[in-house]
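Protein chains in written order, with our numbering: chain A, 8 to 166; chain B, 871 to 1015.
Every residue gets a Cβ at the ideal spot worked out from N, C-alpha and C, and that includes glycine.
Below: one structure, written as structure tokens.
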């Protein structure tokens, strides 16, 4: 049977405008404040005052001495390890450390491993010191990190 | 006269996929937003190292020192020189002492600019040592290459 005057179903239309406004505002806020987080890590240095330290000398090994010299502009001029000059090559420094410490160091040297004293020129840029610390601390072998020297200290600043 | 009302066709676009995408984007940025920016300082660009990894646990009793390229030290929003740093450190140490801990248990985190003269960083360490602080962490950016 054909029905006349049949009512059309009422359409409920939700007004999306305000929601889209807020959603876009949120999106813009998050896009503007977005910053890729750079991962950071630490080199631990345990350094009590020099006067206290004289009593706690490592009885097995004397501290290795690393001397870093800078040119007038703060660039690395030379690396010297226990009076042996190594030019400006961090790889040479690392192989010297491996030769001195041995690659079997990490097991034995977890607590009282060898110690290195870094004596640097005052104006040497900090990043070169970090590069040197990286070279003596260990190296990456695939995904694994092989540790070399974990005890690092600084000599007195040179003025 | 009978006027026939004309029904206009409303151009309706389907908003569902757009809203889906926008919500996805909002969720993405919300998850990745970093609220821990207070640790960093605009005057400091850290050096890089392949060996460092993000610490597994948070250092106890941290004292954060930012060393700018001109040797100025920024601690808790205040700027110090090597000569005045002692005052700022004493304040931090008194807080640590009030918690019943010794200064030797505190961790001094040094965030130095990569072009800072190394001697300036050493001076900062020396001043901290004079205040009985002995644990230092040289903060470095992770180099993934």
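Which residue comes first and which comes last in the beta strand (DSSP E) that contains residue i?
i	result
residue 46 (chain A)	Looking at the DSSP string, residue 46 (chain A) is not in any beta strand (DSSP E), and its letter there is neither H nor E.
residue 936 (chain B)	932-937
residue 161 (chain A)	158-161
residue 145 (chain A)	145-148
residue 153 (chain A)	151-154
May I ask you to report which of helix, strand or coil DSSP gives residue i?
i	result
residue 983 (chain B)	coil
residue 133 (chain A)	helix
residue 28 (chain A)	helix
residue 948 (chain B)	strand
residue 139 (chain A)	helix
residue 125 (chain A)	strand
residue 92 (chain A)	strand
residue 65 (chain A)	At residue 65 (chain A) the pLDDT is 48, less than 50, meaning the model places this residue with poor confidence; the figure from the coordinates comes in the next sentence. Here residue 65 (chain A) sits in coil by DSSP.
residue 79 (chain A)	coil
residue 18 (chain A)	coil
residue 910 (chain B)	coil
residue 116 (chain A)	Here the model assigns residue 116 (chain A) a pLDDT of 46, short of 50, so the residue's position is not dependable and the matter cannot be decided.
residue 73 (chain A)	strand
residue 52 (chain A)	strand
residue 38 (chain A)	helix
Tell me the residue span of the alpha helix (DSSP H) that contains residue i.
i	result
residue 105 (chain A)	97-108
residue 967 (chain B)	955-968
residue 897 (chain B)	886-902
residue 1005 (chain B)	First-last for residue 1005 (chain B): 1005-1012, but that is the beta strand (DSSP E), not the alpha helix (DSSP H).
residue 994 (chain B)	988-1000
How long is the line joining the alpha carbons of residue i and residue j, rounded to whole angstroms?
i	j	result
residue 23 (chain A)	residue 44 (chain A)	35 Å
residue 128 (chain A)	residue 991 (chain B)	12 Å
residue 133 (chain A)	residue 25 (chain A)	53 Å
residue 978 (chain B)	residue 952 (chain B)	15 Å
residue 158 (chain A)	residue 124 (chain A)	9 Å
residue 82 (chain A)	residue 950 (chain B)	26 Å
residue 135 (chain A)	residue 31 (chain A)	46 Å
residue 162 (chain A)	residue 34 (chain A)	52 Å
residue 60 (chain A)	residue 901 (chain B)	Only weak support is given to the placement of residue 60 (chain A): the predicted model assigns it a pLDDT of 45, under 50, and the value that follows is read from those uncertain coordinates. Going from the Cα of residue 60 (chain A) to the Cα of residue 901 (chain B) covers about 47 Å.
residue 87 (chain A)	residue 96 (chain A)	10 Å
residue 108 (chain A)	residue 36 (chain A)	53 Å
residue 27 (chain A)	residue 883 (chain B)	14 Å
Comparing the C-beta of residue i with each C-beta of chain A, is any distance below 8 Å?
i	result
residue 956 (chain B)	no
residue 961 (chain B)	no
residue 1011 (chain B)	yes
Assign residue i to buried or exposed, taking buried as 16 or more other Cβ atoms, counted over all protein chains shown, within 10 Å of its Cβ.
i	result
residue 989 (chain B)	buried
residue 155 (chain A)	buried
residue 918 (chain B)	buried
residue 961 (chain B)	exposed
residue 140 (chain A)	buried
residue 934 (chain B)	buried
residue 151 (chain A)	exposed
residue 881 (chain B)	exposed
residue 1009 (chain B)	buried
residue 891 (chain B)	exposed
residue 50 (chain A)	buried
residue 1032 (chain B)	The question about residue 1032 (chain B) has no answer, for chain B in this structure spans 871 to 1015.
residue 981 (chain B)	buried
Would you verify that the beta carbon of residue i is, or is not, closer than 8 Å to some beta carbon of chain B?
i	result
residue 121 (chain A)	no
residue 130 (chain A)	yes
residue 97 (chain A)	no
residue 23 (chain A)	yes
residue 86 (chain A)	no
residue 158 (chain A)	no
residue 80 (chain A)	no
residue 70 (chain A)	no
residue 141 (chain A)	yes
Following a CB-centred definition, is residue i positioned closer than 7 Å to any heavy atom of the ligand NAP?
i	result
residue 945 (chain B)	The ligand NAP is absent from the structure shown, which contains no ligands of any kind.
Note down, in chain order, every chain C residue with its Cβ under 8 Å from the Cβ of residue i.
i	result
residue 55 (chain A)	The chain inventory of the structure shown lacks chain C, comprising the protein chains A and B.
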